[in-house]
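Numbering (UniProt numbering), first residue to last: 1 to 445.
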């Protein structure tokens, strides 16, 4: 065989190198190595060429072999589905991945496991024990490991939302600066909420109730009859709330009666029950505006504003205090049946709309006549203290938090909402929050 030819590997394409080595169609790695070794041995035994020429030909042969292996790996997408392609037939009997048992008296002795592998193609390739569990890692001819999926973490902040001036941090959309393709799943990996969530709020007048002061004959002693009591917004402990409530009641009722500070509000620090009492008169207490009576209109003391019951009792301030009825009639003192609840909400619904329908709804919030099911990614339990940061590093205490898709999807936009346990948007009082989302994506698809 004459080797007086162009030894520049870059002047040859794959087809020409296949012809040079004498490879047939559908060749594999062993075929490449066999042809390479055959020519290599012929050159080494030849006396027609000096050592310098032989070295040049050896380099060309090695380059040709490596190029063909790379091209073959591209055709196989980098995966080695058939491990036999890496084996040389003459060495198959040397590959062991098992143990032998020897009888020794009353016991069986297990010999040490031996593992060997023909690493003439790639010294980093070894035959590992057979995997009997699912894995996202495959062998690659070019890389020691080839992963089927990769994970990227997105750090998001509500301050960067669209139309910041006309939206709130508990209900907003955010457009990502790039499109993420081949997304297989996403999960909420962390969330950092603001320092304050009010347990007494003026949203839908949930900080309002009504008093009607009467004498022992249940005759109203104040012409206005039903007086609206408004408690300032805030996040209160039980003691703080009892003090604020006492001031709110007496400040309002003193307008209509000169008997100063006749109402008292106390909290039992052992059982957290609240007691509201009047020193002189009986009084009625209402936590819903009933169609049978109206709230006091300061412009007309003899005209009442009639309202239908539009909210459930469990959303009103009486429920937060511990009162379980909508009205209390004809006594000087009323003690709550339940305890004062300092939690603004027991948990939050984290709603994430990614504008893809290729998913199932795994979390459903149930109410008596309705439910929340669309796009709930996680349910976040709230701590007892509403005045501290709520931060979950790994979200280990969050319910669910992962969304699997039925097929690869594209993601470029999110709509985020934070709802309380009743399904209402929470008020973060112009404060922003951050969270992180892990995207699991197909690799090299």
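By construction, the Cβ of each residue, glycine as well, lies at the ideal position given by its N, Cα and C atoms.
### Message
Rounded to whole angstroms, what is the Cα-Cα separation between residue 192 and residue 12?
### Response
Locating residue 192 in the chain shown gives position 192, counting from the first residue. Locating residue 12 in the chain shown gives position 12, counting from the first residue. Separation of residue 192 and residue 12 (C-alpha to C-alpha, rounded to the nearest whole angstrom) is 59 angstroms.
### Task
Please go through the same chain and pick out, in chain order, the residues whose beta-carbon is closer than 7 angstroms to the beta-carbon of residue 402, but skip the five residues on each side of it.
What you label residue 402 is simply residue 402 of the chain shown in a count that begins at 1. Answer for residue 402: 185 and 187, listed in chain order.
#### Entry: Beta-carbon proximity of residue 285 to residue 210, cut-off 9 angstroms
Locating residue 285 in the chain shown gives position 285, counting from the first residue. Locating residue 210 in the chain shown gives position 210, counting from the first residue. A Cβ-Cβ contact shorter than 9 angstroms links residue 285 with residue 210.
### Query
Quick one: Cα of residue 325 to Cα of residue 316, how far?
The sequence position of residue 325 within the chain shown is 325, counting from 1. The sequence position of residue 316 within the chain shown is 316, counting from 1. Near 11 angstroms, if we compare the C-alpha coordinates of residue 316 and residue 325.
### Task
Please list the segments of the beta strand (DSSP E) lying wholly inside the stretch 329-378, counting only runs of 3 or more residues, in order along the chain.
Under the rule that a run must span 3 or more residues, the beta strand (DSSP E) segments found entirely inside the stretch 329-378 read 333-335 and 347-353.
#### Entry: Member of 241, 249 and 202 whose CA lies at the smallest distance from the CA of residue 213
Taking the first residue of the chain shown as 1, we reach residue 213 at position 213. Measuring from the Cα of residue 213, the nearest candidate turns out to be 249.
### Which listed residue (72, 10 and 50) has its alpha carbon closest to that of residue 26
Along the chain shown, read from residue 1 onward, the residue named residue 26 stands at position 26. Proximity to residue 26 across 72, 10 and 50 peaks at 72, based on C-alpha coordinates.
#### Entry: Burial state of residue 70 (16 or more Cβ within 10 Å)
Translated into the one-based positions of the chain shown, residue 70 becomes position 70. In this structure residue 70 is exposed. Its beta-carbon is surrounded by fewer than 16 other beta-carbon atoms within 10 angstroms.
### Query
Whose CA, out of 415, 422, 338 and 398, lies closest to the CA of residue 370?
Taking the chain shown and counting its residues from 1, one reaches residue 370 at position 370. Here the closest residue by C-alpha is 422.
### Task
Decide if residue 159 is buried, meaning its Cβ has at least 16 other Cβ atoms within 10 Å, or exposed.
One-based indexing of the chain shown puts residue 159 at position 159. Exposed, because fewer than 16 other Cβ atoms sit within 10 Å of the Cβ of residue 159.
### Task
Check whether the Cβ atoms of residue 170 and residue 428 lie closer than 9 angstroms to each other.
Counted from its first residue, the chain shown places residue 170 at position 170. Counted from its first residue, the chain shown places residue 428 at position 428. Closer than 9 angstroms, so yes.
### Opening and closing residue of the beta strand (DSSP E) in which residue 40 lies
What you label residue 40 is simply residue 40 of the chain shown in a count that begins at 1. For residue 40, there is no enclosing beta strand (DSSP E); the residue is part of the alpha helix (DSSP H) that begins and ends at 29-45.
### Per DSSP, the bridge partner or partners of residue 197
Numbered from 1 along the chain shown, position 197 holds the residue referred to as residue 197. Residue 197 pairs with nothing; no bridge assigned.
### Close beta carbons around residue 375, own chain, < 7 angstroms, minus the five adjacent residues each side
Translated into positions along the chain shown, residue 375 becomes position 375. The residues are 351, 352 and 353.
### Query
Quick one, are the C-beta atoms of residue 241 and residue 342 less than 9 angstroms apart?
As a working note, residue 241 is residue 241 in the chain shown. As a working note, residue 342 is residue 342 in the chain shown. Remark: C-beta atoms of residue 241 and residue 342 approach each other more closely than 9 angstroms.
### Message
Please state whether the Cβ-Cβ distance between residue 236 and residue 268 is less than 9 angstroms.
### Response
Locating residue 236 in the chain shown gives position 236, counting from the first residue. Locating residue 268 in the chain shown gives position 268, counting from the first residue. Cβ distance not < 9 angstroms, so residue 236 and residue 268 don't count as in contact.
### Query
If you draw a straight line from the alpha carbon of residue 320 to that of residue 233, how long is it in whole angstroms?
Within the chain shown, the letter at position 320 stands for residue 320. Within the chain shown, the letter at position 233 stands for residue 233. Rounded to the nearest whole angstrom, the C-alpha separation of residue 320 and residue 233 is 13 angstroms.
### Query
What do you reckon, are the CB atoms on residue 437 and residue 189 nearer than 9 angstroms?
Indexing the chain shown from 1 puts residue 437 at position 437. Indexing the chain shown from 1 puts residue 189 at position 189. Yes, they are a contact pair.
### Message
Quick check: what's the CA-CA separation for residue 273 versus residue 263?
### Response
Reading the chain shown from its first residue, position 273 is the one you call residue 273. Reading the chain shown from its first residue, position 263 is the one you call residue 263. Taking the straight line joining both Cα atoms gives about 17 angstroms.
### Query
Taking the alpha-carbon positions, what's the residue 373 to residue 366 distance?
As a first step, residue 373 is located in the chain shown; it is residue number 373 there, counting from the start. As a first step, residue 366 is located in the chain shown; it is residue number 366 there, counting from the start. Approximately 9 angstroms, taken between the alpha carbons.
#### Entry: Per DSSP, cross-strand counterpart(s) of residue 239
As a position in the chain shown, residue 239 is number 239, starting the count at 1. Beta-bridge pairing by DSSP links residue 239 to no other residue.
### Message
Quick check: residue 203 and residue 424, are their CB atoms within less than 9 angstroms of each other?
### Response
Along the chain shown, one-based indexing puts residue 203 at 203. Along the chain shown, one-based indexing puts residue 424 at 424. Against a cut-off of 9 angstroms, the Cβ pair of residue 424 and residue 203 comes out as a contact.
### Task
Answer with buried or exposed for residue 155, where buried requires no fewer than 16 other C-beta atoms within 10 angstroms of its C-beta.
Here residue 155 refers to the residue found at position 155 when the chain shown is read from its first residue. Counting Cβ neighbours within 10 Å, residue 155 comes out exposed, since fewer than 16 surround it.
### Message
Within the continuous beta strand (DSSP E) that includes residue 275, where are the two ends?
### Response
Translated into positions along the chain shown, residue 275 becomes position 275. That run of the beta strand (DSSP E) goes 274-278.
### Task
Look at residue 244 and residue 229 and say whether their C-beta atoms are less than 9 angstroms apart.
Locating residue 244 in the chain shown gives position 244, where the first residue counts as 1. Locating residue 229 in the chain shown gives position 229, where the first residue counts as 1. Against a cut-off of 9 angstroms, the Cβ pair of residue 229 and residue 244 comes out as no contact.
### Message
Using 9 angstroms as the threshold, is the C-beta distance between residue 275 and residue 333 below it?
### Response
Counting from 1 along the chain shown, the entry for residue 275 is found at position 275. Counting from 1 along the chain shown, the entry for residue 333 is found at position 333. Yes, these two residues count as a Cβ contact at 9 angstroms.
#### Entry: Limits of the unbroken alpha helix (DSSP H) element including residue 321
By one-based count along the chain shown, residue 321 stands at place 321. Bounds of the alpha helix (DSSP H) holding residue 321 are 317-321.
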